[in-house]
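S.K.: In this text, residue positions in the sequence shown follow our numbering: the first is 4, and each later residue adds one. Glycine included, every Cβ here is placed at the ideal spot set by N, Cα and C.
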Amino acid sequence: MPAPLVFRLGYVALNVVDAERAAEDTCNIAGARISGRENGRIMLTSNQRRAEVILYPAATDSLRRVGLEAVSPEAVAEVAARARKAGLKILSETPSLGCIDRAVTFLTSEGHAIEVHTPMPMDQPRRYHGPGVHPRFLDHINFAAIDPVKFAEDLHAATGMLLTERTAGYEIMWMRAADGRHHTLAAVKGNTGVHHISWEFRNFDGLKGIADELGTEGRRLLWGPGRHGAGDNLFLYYVDSAGFLIECIAEMEVIQDLDMPVRVSDPGENLSNWKVVNQWGALPSLEWIQHFSPCCGVDEHDDLLLLA
Numbered sequence: 004m005p006a007p008l009v010f011r012l013g014y015v016a017l018n019v020v021d022a023e024r025a026a027e028d029t030c031n032i033a034g035a036r037i038s039g040r041e042n043g044r045i046m047l048t049s050n051q052r053r054a055e056v057i058l059y060p061a062a063t064d065s066l067r068r069v070g071l072e073a074v075s076p077e078a079v080a081e082v083a084a085r086a087r088k089a090g091l092k093i094l095s096e097t098p099s100l101g102c103i104d105r106a107v108t109f110l111t112s113e114g115h116a117i118e119v120h121t122p123m124p125m126d127q128p129r130r131y132h133g134p135g136v137h138p139r140f141l142d143h144i145n146f147a148a149i150d151p152v153k154f155a156e157d158l159h160a161a162t163g164m165l166l167t168e169r170t171a172g173y174e175i176m177w178m179r180a181a182d183g184r185h186h187t188l189a190a191v192k193g194n195t196g197v198h199h200i201s202w203e204f205r206n207f208d209g210l211k212g213i214a215d216e217l218g219t220e221g222r223r224l225l226w227g228p229g230r231h232g233a234g235d236n237l238f239l240y241y242v243d244s245a246g247f248l249i250e251c252i253a254e255m256e257v258i259q260d261l262d263m264p265v266r267v268s269d270p271g272e273n274l275s276n277w278k279v280v281n282q283w284g285a286l287p288s289l290e291w292i293q294h295f296s297p298c299c300g301v302d303e304h305d306d307l308l309l310l311a
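1) Mapping the DSSP letters down to three states, classify Pro98 as helix, strand or coil.
2) Measuring only the C-alpha atoms, how far is Arg205 from Val257?
3) Specify, as a first and last residue, the run of the alpha helix (DSSP H) that Trp202 falls within.
4) Identify the continuous beta strand (DSSP E) that holds Trp226 and give its terminal residues.
5) Exposed or buried, what is Ala171 when buried is set at 16 or more other beta-carbons lying within 10 Å of its beta-carbon?
6) Quick check: Ala233 and Ser201, are their CB atoms within less than 8 Å of each other?
7) Would the beta-carbon of Val82 fall within 8 Å of that of Thr162?
8) Quick one, which of Leu237, Tyr59, Arg36 has its alpha-carbon nearest Asp21's?
9) Tell me whether Gly193 sits in a helix, a strand or coil according to DSSP, three-state version.
10) List the whole-angstrom C-beta distance separating Gly135 from Ile32, where the pair is believed to meet the contact cut-off of C-beta under 8 Å.
11) For Thr170, report the span of its beta strand (DSSP E) as first-last.
12) Excluding the 5 residues flanking Ala1 on each side, which residues of the same chain have their C-beta closer than 7 Å to its C-beta?
13) Which residues share a DSSP beta bridge with Ala16?
14) Val82 lies in the beta strand (DSSP E); which residues open and close that run?
15) For a test of the three-state rule: what should DSSP assign to Gly39, helix, strand or coil?
16) Kindly indicate which residue of Phe10, Asp142, Leu17, Gly43 has the alpha-carbon position closest to the one of Val119.
17) First and last residue of the alpha helix (DSSP H) that includes Asp157?
18) What do you get for Ile149, buried or exposed, if any count of 16 or more other CB atoms within 10 angstroms of its CB means buried?
19) Under a Cβ-count criterion, where at least 16 other Cβ atoms within 10 Å of its own Cβ denotes burial, should His132 be classed as buried or exposed?
20) Taking Leu248 as the reference, which of Ile175, Asp182, Leu66, Leu166 has the closest Cα?
21) If you run the structure through DSSP and keep just helix, strand and coil, what is Leu207?
22) Could you name the residues of the same chain whose beta carbon sits closer than 6 Å to that of Val265, not counting the 5 residues immediately before and after it, in chain order?
23) What residues match up with Arg130 in a beta bridge as DSSP calls it?
24) Can the beta-carbon of Gly229 be found closer than 8 Å to that of Trp177?
25) So the beta strand (DSSP E) Leu261 belongs to, where does it begin and stop?
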């Protein structure tokens, strides 16, 4: 099986009603820090990369765009060619940020905007002051899609990402990039949008710190801590100030075999199979299952790229 053309998650761009509050919340709870401000947008990171989360002031809270880091500059052009061949709409071949050298942005068949780009500059301090338990990096994003199977087909066709695991009824599809982590992108069956965004921490102590930071503001976890069956990672979830569901993880499974057969998991009715959903036993609440944040509308993307 050929290796994927993308190495890892690059960034997540969000439209938020209150960008200053969303930035403060990302710093205080998740433990990232502000790395820059440009044209009204706020950039945040947890490591040496220029930006991992980009906040855009907007009239509504929604997912704007997701960046995937290409394995090479040549891979960007290959993604553009493959996306066109698959019939996917190309929005732009101009990078959305001035610090990115090459990029192509395309839409999945349901309208998720994906920018495949050369790496962010590694020009931020490795260590920094600030509240929260500092994460290692932004790890993955779970989309919501009316047709998760078509979503996975689109991503494989354009980027070569590999399907690691799926549920028996195709309700969830987990896909990995060239770094081999169990999933960089996933899609859960639902309305077009995003289910959750995930930060990676060094160990379980980081997750405990998140729960304690939430408690200082009188807030609670939505689910966890626990250990997922798919990915074998530790987890907990909370909702941020803009209404996005945030996962904090540690110990994600890494897969080196490009030819590993796709795993098929039985999640049970309403995610009731604890061995797959949470090996520690506690099942998700209805609030977690039904959580959803929209993407900006398909007809908005062309206008948004002008303000990228």
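M.R.: Looking at the coordinates:
1) Within the sequence shown, the letter at position 95 stands for residue 98. Coil at Pro98, not helix or strand.
2) The count along the sequence shown starts at 1 and reaches residue 205 at position 202. The count along the sequence shown starts at 1 and reaches residue 257 at position 254. If you take the alpha carbons of Arg205 and Val257, they lie about 15 Å apart.
3) Residue numbering aside, residue 202 sits at position 199 when the sequence shown is read from its first letter. No alpha helix (DSSP H) contains Trp202, which is instead part of the beta strand (DSSP E) from 196-203.
4) Taking the first residue of the sequence shown as position 1, residue 226 is located at position 223. First-last of the beta strand (DSSP E) with Trp226: 226-230.
5) As a position in the sequence shown, residue 171 is number 168, starting the count at 1. When all chains shown are included, Ala171 counts as exposed.
6) On the sequence shown, residue 233 is found 230 positions in, with the first residue counted as 1. On the sequence shown, residue 201 is found 198 positions in, with the first residue counted as 1. Not in contact: Ala233 and Ser201 (Cβ atoms no closer than 8 Å).
7) Working through the sequence shown from its first residue, we reach residue 82 at position 79. Working through the sequence shown from its first residue, we reach residue 162 at position 159. Yes. Within cutoff.
8) As a first step, residue 21 is located in the sequence shown; it is residue number 18 there, counting from the start. Checking every option, the nearest Cα to that of Asp21 belongs to Tyr59.
9) To locate residue 193, count along the sequence shown from 1; it is residue 190. Coil, per DSSP.
10) Residue numbering aside, residue 135 sits at position 132 when the sequence shown is read from its first letter. Residue numbering aside, residue 32 sits at position 29 when the sequence shown is read from its first letter. At roughly 6 Å, the Cβ-Cβ gap stays under 8 Å, so Gly135 and Ile32 are in contact.
11) On the sequence shown, position 167 is the one that residue 170 refers to. 165-170 is the extent of the beta strand (DSSP E) around Thr170.
12) In the structure as shown, the chain starts at 4 and stops at 311, and residue 1 therefore has no counterpart that could be examined.
13) Taking the sequence shown and counting its residues from 1, one reaches residue 16 at position 13. Answer is Ile57, Arg68.
14) Position 79 of the sequence shown, counted from the start, is the residue given in the question as residue 82. Run containing Val82: none in the beta strand (DSSP E); it sits in the alpha helix (DSSP H), 76-88.
15) Along the sequence shown, one-based indexing puts residue 39 at 36. In the structure shown, Gly39 sits in a strand (DSSP, three-state: E or B).
16) Translated into the one-based positions of the sequence shown, residue 119 becomes position 116. The shortest Cα separation from Val119 among Phe10, Asp142, Leu17, Gly43 belongs to Phe10.
17) As a position in the sequence shown, residue 157 is number 154, starting the count at 1. 151-162 is the span of the alpha helix (DSSP H), which, as asked, contains Asp157.
18) Walking along the sequence shown from the start, residue 149 turns up at place 146. The residue in question, Ile149, is exposed, as its Cβ has fewer than 16 Cβ neighbours within 10 Å.
19) Locating residue 132 in the sequence shown gives position 129, where the first residue counts as 1. Per the 10 Å Cβ criterion, exposed.
20) The sequence position of residue 248 within the sequence shown is 245, counting from 1. Closest option to Leu248, Cα to Cα, is Leu66.
21) As a working note, residue 207 is residue 204 in the sequence shown. Residue identity differs from the one stated: residue 207 is Phe in this sequence, not Leu. Residue state, collapsed to three classes: helix.
22) Within the sequence shown, numbered from 1, the residue matching residue 265 stands at position 262. Within the same chain, Val265 has close Cβ partners Leu166.
23) Translated into positions along the sequence shown, residue 130 becomes position 127. Answer by DSSP bridge pairing: none, since Arg130 is not bridged.
24) Residue 229 sits at position 226 when you count from the first residue of the sequence shown. Residue 177 sits at position 174 when you count from the first residue of the sequence shown. No.
25) Looking up residue 261 in the sequence shown gives position 258. DSSP places Leu261 outside any beta strand (DSSP E), giving it a letter other than H or E.
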